[in-house]
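Residue numbers (the numbering used here), protein chains in the order written: chain A, 1 to 400; chain B, 1001 to 1400. Note that CB positions come from ideal geometry on N, CA and C, so glycine has one too. Remember, it's a predicted structure, so these values are computed and weren't measured experimentally. To start, the structure under review is shown below, and the notes come after it.
Number of protein chains: 2
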Amino acid sequence: MRAGPSQEEIRRHNLGALLRHVHLSGPTSRAELTSRMGLNRSTIMALTADLTAAGLVREELPRQTRRAGRPSLVVRPESAKVYVFAFDVGVDRLVAARVGLGGVILDRREAVRRRGEFSLDEITGALAGFARQMHRKTRPDTTCVGAGAAISGRVSKGDGMVRLDPNLGHEVVPFGEELSRRLALGLPVAVGNDANLAALAEQSRGLGVGCHDLIFLHGDVGVGGGVIAEGRLLGGHQGYGGEVGHMVVNPGGRPCGCGARGCLEAEVGERALLEPTGRYGTRVGKEAVRAVVEAADMGDITAQEALMRVGDWLGVGVANLVNIFNPEIVVFGGMLREVYLGSAAQVRSRLATDALPASREHLRLRTSLLGDDATLMGAAELAFSHVLADPLEALARVSI
Amino acid sequence: MRAGPSQEEIRRHNLGALLRHVHLSGPTSRAELTSRMGLNRSTIMALTADLTAAGLVREELPRQTRRAGRPSLVVRPESAKVYVFAFDVGVDRLVAARVGLGGVILDRREAVRRRGEFSLDEITGALAGFARQMHRKTRPDTTCVGAGAAISGRVSKGDGMVRLDPNLGHEVVPFGEELSRRLALGLPVAVGNDANLAALAEQSRGLGVGCHDLIFLHGDVGVGGGVIAEGRLLGGHQGYGGEVGHMVVNPGGRPCGCGARGCLEAEVGERALLEPTGRYGTRVGKEAVRAVVEAADMGDITAQEALMRVGDWLGVGVANLVNIFNPEIVVFGGMLREVYLGSAAQVRSRLATDALPASREHLRLRTSLLGDDATLMGAAELAFSHVLADPLEALARVSI
C-alpha cells in the first residue's frame, strides 16, 4: 500500500493552514480556529506554539470579551515583524510596498511612470531602489520572507519570463530575475500577471471571499482579466490564460495594439472612451476617465455617447464571459471601475439580451473592494504563498 | 493532529486507481502497473486479487512476450461482464448503448429523432425501451454498474435538472430522474451536457490523453463547448460553464435561438452554412453539411463562399477561446468536424491575426478522434466514474 502522509507532513500542512487563517481573517481566537479547522484544542495549542516560536504569530488576551469565564486567547499574525516586498508595474505608475503578514501595508513608495516604453533597467532600478530604502528603515527584529510583482504582461508558467503587452512588441523579459538581482536581498521575486493577481487578491481578502467562480476585469490602458474557476486561477497550458482583453467583441472595429480589430480592450479601453470626447492625448489615465464619467453625469452629450458606446461593448464582453464561465461575481477594477459605474445600465441591458438566463441568474456585478491596490495586494499574496504552504520550510530559507 | 487517511481509505483509493488504469489503457501487465502507480509488486498483486474477486478484472498470460524469463501477468478489464448503459440525445438521433468496462461498445440501438421539440415522455420512453431490450439479451453473469446520459442542455450541478436549449424555450426537465424511473433497473442516471462529456471522453481515451488544457467544440444544430482547464472540466457556479456557442462573435449578426444576435452558434451552426446555399429546409443534419463541403471542394462558388464565411466566424470564436483559455488542443466534433475540415485555412488565418502569438504558439487544432461517438462515450465515462472512484463501494450498491 502506498503510505499516507507522514505525521510531519500533516503537521506542516496544518501549520500552513492555521497561518493562512490568521493571515486572511486577522486575529482569531483559539476557540474559533479549533472549530474552523476541525482540529482539537490541544492540537491548535501545539500548532500555535510552533508558529509563535518561529515568530510568525503571537497570542494575547482579547481586547474585550462579553462571555463569562476564561476568554480564549487570540492568535495574531506578526504583521509588523514578518513582511514581503510587493511591486506593481502599472501603466502610469510604479509602486513598491512593504506588506506585513495579514495583508497590512507597512510602508510604500510610488513613482510616475513614462508611458509607451518598457525599460527593464529603469523599472527594476526604480523598484529595487524603493525596496532598499524601505528595507533600511526596518527594525532589526523584522524578517522579509518573500517578494512578488504584478505586471501587465503574460507570465510563462515554465520559466517566469514575461511577455510584454502587444503594443510593446511582445518583447520577452526576465523581469523577476532582474528585479531580484537588483534588490540584492538574496530573495527570488515571484511574478504574476496583474489582472490574475488582482483576481486572487479580491478572492482572498476582497469581495470574493468564499466565492469559487470569479472574474476580475482590470482596466489600465488595456484590459486584463483574471479568472478564478472553481476556486483556482485559470492558467492555461503555458500560463497565458485569462487574456479576455483580446477577445474580439466587434470584428472590424477599432484597431488594437495586438494587430487585431475590435478586441474588448480596443472597444472599452481608455482610448476608446477618451478619443470620441476629444480628450485623448491632452489628458490620460484614471483622472481623465473619471472626468468623462463626471461630464456625462453633468449632461455632456458627447461624453454620454462615448460612455454608452463603451458600456455597450463592455456588456457584450461580460455577457460572453458569463456564458463561457457561469461566474458568481464579475469584478470591475482599475479604470473599468469608473467606466462600469458610469455605464452600469448599459452593461446590464446587454447582459439581459446576450447572456443566457440560466448563466446569469445568480450573477453579481461589483466594483473592486481593494480598489487601486488590488494588483499590489495580489503581488503580496503571491509573495506570501510559499510561507503559507509550509511556514517552517520557508523561514529556514530566509537568510536576511 | 488531524489524522491522515486510514489504511482502508488508501486501499480503496488504490483499487480505483488501478481499475482506472486498465479501464483507460486496456490490458496492462503487472510490471507496467507497478511502475506507473509507484507501488510495489506485492501491493499490485493484492489489489489485483481484490478486483479479480469482485469480478472487475481478470489476470492472464500475455498473448506473446519477447522477453526471456517469466512473463508478467496481464490485468484485463472484464469488459464483457461489467458494463454501463450510455445514452445520447442528439438533435437528429437517440442512441442507447451497453458499454463494457474498458470503453467497449457491446451493443447499441439508434433511432431517428424528430427535430424542434422535446417530449420528455417520448425520449425517455424510447431510450429506456432500447436499454431494456439490450438488458434482456445479457447473460446472467453480467452486471450493470451504472447509467449516464449526454444531452444538449445546461445541467444544474445542484439537482441534475436539465435546462433545454434556448430554442426549446429554456424549459427545465428532470431528465435523469425520469429516464431512471422508466429504465426500472434500480439505477440512477447521471446526466451531463453533451459537449462537456465529449470533452471528457476525448481527454480520457481520445486525442487529448495526457493533455490538461483542451477545448471541445461540438456542432449539432447549435454549438456546444466543453472546456478542460488544468485537467478539470470547467463547471462554473451552477454547472452551466462552457456555453461557448452563445459567445457573441458578430454583434448585430444572424439571429440566434437564444434571443441575441451573432452568437457563435448562429454564425457557424448548420443553418448558417446551409441557408446561403439554398439547401436549408430540404436537407438538414450532418449529411447536408457534408454535401456543402463536398460541393465547395468540387468548385461550387456559393458553397465555397458559405464555407469561407462560416470558417471565418469559427476562426474568430476559436481565437477568442485561445486568448481566454490558452489551451493546448482545440477539438472539432459533431458537424463542426466537417466544417473545420472544409475551412481550416480560413480558421488558421483568423487565428493568426486575432489570437495572441504567445497564446497560440503551442496550439493544436484537431478533429475528434472519437467522432460521432464522443458524446456517447462521455456518457459512458460519466456512468463509470463512481466505479472508478471506489470500486467495492460501487459494486455493493448494485442490486441487479
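Under the DSSP assignment, L47 (chain A) falls outside any beta strand (DSSP E), being part of the alpha helix (DSSP H) whose first and last residues are 41 to 53. A Cβ-Cβ contact shorter than 8 Å links G253 (chain A) with G262 (chain A).
Contact annotation: in the segment 1349 to 1373 of chain B, residues whose CB is within less than 7 Å of a CB in chain A are T1353, D1354, L1356, P1357, A1358, S1359, H1362.
About 4 Å separates the Cβ atoms of A1128 (chain B) and R1182 (chain B), confirming a contact at the 8 Å cut-off. Looking at the backbone, the Cα of V189 (chain A) and that of G285 (chain A) are separated by about 28 Å. Judged by DSSP secondary structure, T367 (chain A) falls within the beta strand (DSSP E) whose first and last residues are 364 to 367. Shortest Cα-Cα distance from G1208 (chain B) to any of B:V1339, B:L1365, B:G1192, B:D1092 involves B:L1365. CA-CA distance, E275 (chain A) to G1226 (chain B), rounds to 39 Å. Around V310 (chain A), the same chain offers E267, V268, A272, L273, V339, S343 as residues with beta carbons nearer than 8 Å, after the five sequence neighbours per side are excluded. Contact annotation: G146 (chain A) and A319 (chain A) have beta-carbon atoms that are not nearer than 8 Å. Note on geometry: alpha-carbon atoms of D372 (chain A) and V1075 (chain B) lie some 59 Å from one another. Shown here, H1013 (chain B) sits in a helix according to DSSP, grouped into three states. Under DSSP, Y1340 (chain B) forms no beta bridge with any residue. In terms of beta-carbon proximity, F1325 (chain B) lines the interface with chain A, with at least one pair separated by less than 8 Å. Put simply, the CB of L19 (chain A) is far from chain B, with every gap to its CB atoms at 8 Å or more.
DSSP places L179 (chain A) within a helical segment (H, G or I) once states are collapsed to three. Using a 10 angstroms sphere on the CB of T1282 (chain B), the tally of other CB atoms stays under 16, which defines it as exposed. In the structure shown, T1142 (chain B) adopts coil according to DSSP, grouped into three states. Between the segment 297 to 308 of chain A and the segment 1213 to 1229 of chain B there are fewer than three C-beta pairs closer than 8 Å, too few to call the two in contact. Per the DSSP secondary-structure output, T1028 (chain B) pairs in a beta bridge with B:V1075. What R232 (chain A) touches in chain B, judged by beta-carbon distance under 9 Å, is A1229, E1230, R1232, going in chain order. In this structure, the straight-line span from the alpha carbon of N1323 (chain B) to that of L1185 (chain B) is close to 46 Å. With a cutoff of 8 Å on beta-carbon distance, F175 (chain A) and A150 (chain A) are scored as not near each other.
Taking each of B:D1354, B:S1368, B:G1210 in turn and checking the Cα distance to A1198 (chain B), the smallest one comes out for B:S1368.
Here L47 (chain A) has N14, L15, L18 as same chain residues with Cβ atoms under 7 Å from its own Cβ, once five neighbours each way along the sequence are excluded. Contact of R30 (chain A) with chain B by beta-carbon distance below 7 Å is absent, the smallest such distance being about 16 Å. Nearest to I1105 (chain B) by alpha-carbon distance, out of B:V1172, B:D1121, B:A1379, is B:A1379. DSSP places P1188 (chain B) outside both helix and strand once states are collapsed to three, so it counts as coil.
Residues of chain A with a Cβ closer than 9 Å to the Cβ of R1309 (chain B) do not exist, since the nearest Cβ in that chain sits about 12 Å away. Ranked by how close their Cα comes to the Cα of V1331 (chain B), the residues B:A1358, B:L1376, B:L1214, B:P1062 have B:L1214 in first place. The count of Cβ pairs closer than 8 Å, one atom from the segment 108 to 117 of chain A and one from the segment 86 to 99 of chain A, reaches three, so the stretches are in contact. The beta-bridge partner set that DSSP reports for H218 (chain A) consists of A:G224, A:G333. Between L321 (chain A) and the set A:S359, A:M377, A:E294, A:F130, the nearest pair of CA atoms involves A:S359. Judged by DSSP in its simplified three-state form, L1127 (chain B) adopts helix. Between G1242 (chain B) and D1194 (chain B), the alpha-carbon positions lie close to 11 Å from each other. Judged by DSSP in its simplified three-state form, D88 (chain A) adopts strand.
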